[in-house]
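For the sequence shown, the working numbering assigns the number 311 to the last residue and increments by one with no breaks. Ideal Cβ positions, reconstructed from N, Cα and C, are used throughout, including at glycine. Predicted model only: the values in this text are computed from it and were never measured. A short worksheet on the structure shown next.
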Amino acid sequence: MPDIVVTEFMDEAALAALRGRHKVHYDPALVDQPDALNALLKDARALIVRNRTQVRGALLAAAPRLEVVGRLGVGLDNIDVEACRARGIAVRPATGANDLAVAEYVICGVMMLLRGAYHASAEVAGGAWPRTRLMGRETSGRILGLVGFGAIARETARRAVALGMDVIAHDPFLDAGNPAFAANGARLASLDAVLRTADAVSLHVPLTAETRGLIGADALACMRPDAVLINAARGGVVDEAALAEALKAGRLAGAMLDVFETEPLPGGGPLEGVPNLILTPHIAGVTVESNVRVSEAVAIAVAHVLQEKAA
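Here's what the structure looks like:
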């Protein structure tokens, strides 16, 4: 039986490093095969996952020897951290390893949505020439509002400033005197001010009881009708049905979502066929480069815990 079970995709070089010292079972399809996964976990000391594998309940019960969970990413809402702590199971996310990838995704989304010309391929290929209708807005001189001002938001802020944007940020855990604001070219603002004044709003908060549904009908009604919204943080922070209605009614100019309440996103839901909406499959933090960094960081952290536990 394996020492380490990996249920979602991971860089081969990092896997090879783990295989040099441990018996590793790597199968990205395991995330959708709970019975097979539970059987493999009987003697496993380590489990490495991304965001889809639910490390809680029956899975934890099937892993009596588990010592560490490696998270190929940063969010921990798919892991019962308290249950792991109670059993002495270490949880090791890849903190910081995909910050750059997400920041670039957000900036790309801001530019695409404000410019507004990138949904017209079929029209242009068909002979239409809608230049006047597709006259969009420049990024420079616009206001970027960040909800949450952690590491990824700060990377995003620096890139936005370089493009000539004015950056405001809301974070209930930081005060105006925190040096992070000046260091990254941002100003502290209330959530209401971010929603009411920003040309583009980007979410950078975890999914908690306080943030679930944070961007619902009321919050969307506060936003300017020419504003755009980006969520590459966590599904559940945005009320998807309310967002769809706002976009259909023209109360919001556009949105880009990388995360969803249910993943994979079920077909036929409220987001299907919505205008000015870009959807991507939880890929903001995953690039060729970030996958290498994330995988290496988790492999090192997991190997270190196993070594410590064995000592």
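Considering only C-alpha positions, which residue in the set the options is nearest to residue i?
i      : options                           : result
Leu345 : Pro281, Ala193 and Ala183         : Residue 345 is absent from the structure shown; the chain starts at 1 and stops at 311.
Val24  : Glu296, Pro2 and Ala299           : Pro2
Leu257 : Val106, Arg45, Gly116 and Arg87   : Val106
Pro172 : Ala183, Ala182 and Leu188         : Leu188
Thr156 : Leu59, Trp129 and Val102          : Val102
Thr139 : Ala90, Phe260, Leu113 and Pro130  : Leu113
Leu40  : Arg251, Leu60 and Arg52           : Leu60
Leu203 : Thr197, Ala209 and Leu214         : Leu214
Leu271 : Gly285, Gly250 and Leu243         : Leu243
Ala94  : Asp80, Cys84, Leu76 and Ala29     : Leu76
Ala200 : Ala36, Asn231, Lys248 and Gly216  : Asn231
Ala13  : Glu308, Ala299, Leu306 and Gln307 : Ala299
Asn51  : Ile79, Glu67 and Ala29            : Ile79
Could you give the residue range of the alpha helix (DSSP H) that holds residue i?
i      : result
Gly57  : Gly57 to Ala61
Val124 : Ser121 to Ala125
Asp192 : Leu191 to Thr197
Val81  : Val81 to Arg87
Ala200 : Taken as a continuous stretch (DSSP letters only), Ala200 belongs to no alpha helix (DSSP H), being part of the beta strand (DSSP E) at Ala200 to Leu203.
Ala17  : Glu12 to Arg19
What is the DSSP secondary structure of residue i, reduced to helix, strand or coil?
i      : result
Ile107 : helix
Pro93  : strand
Ala44  : coil
Ala249 : coil
Ala241 : helix
Arg52  : coil
Ile152 : helix
Leu207 : coil
Pro179 : helix
Val161 : helix
Leu76  : coil
Met112 : helix
Asp32  : helix
Asn38  : helix
Asp99  : helix
Leu220 : helix
For residue i, which residues does DSSP report across the bridge?
i      : result
Met256 : Ile230 and Ile278
Ile143 : Asp166
Tyr26  : Val6
Ile215 : Val238
Which residues mark the beginning and the end of the beta strand (DSSP E) in which residue i is found?
i      : result
Val302 : Careful: Val302 lies outside any beta strand (DSSP E), inside the alpha helix (DSSP H) at Val288 to Ala310.
Arg133 : Note, Arg133: premise wrong, no beta strand (DSSP E); not H, not E.
Arg187 : Ala186 to Leu188
Arg71  : Val68 to Arg71
Is it buried or exposed, residue i, if we count other Cβ atoms within 10 angstroms and call 16 or more buried?
i      : result
Gly148 : buried
Leu279 : exposed
Gly150 : buried
Met135 : exposed
Glu82  : exposed
Asn178 : exposed
Arg71  : buried
His170 : buried
Arg87  : exposed
Thr208 : exposed
Thr328 : Outside the shown range of the chain (1 to 311) lies residue 328, about which nothing can therefore be said.
Thr7   : buried
Just checking residue i against the ligand NAD - is the residue's beta carbon closer than 7 angstroms to any of the ligand's heavy atoms?
i      : result
His304 : Ligands displayed in this structure: none; no statement on the ligand NAD is therefore possible.
Would you please verify whether the beta carbon of residue i is less than 8 angstroms from any beta carbon of chain C?
i      : result
Leu207 : The displayed structure is made up of one protein chain only, and chain C is not part of it.
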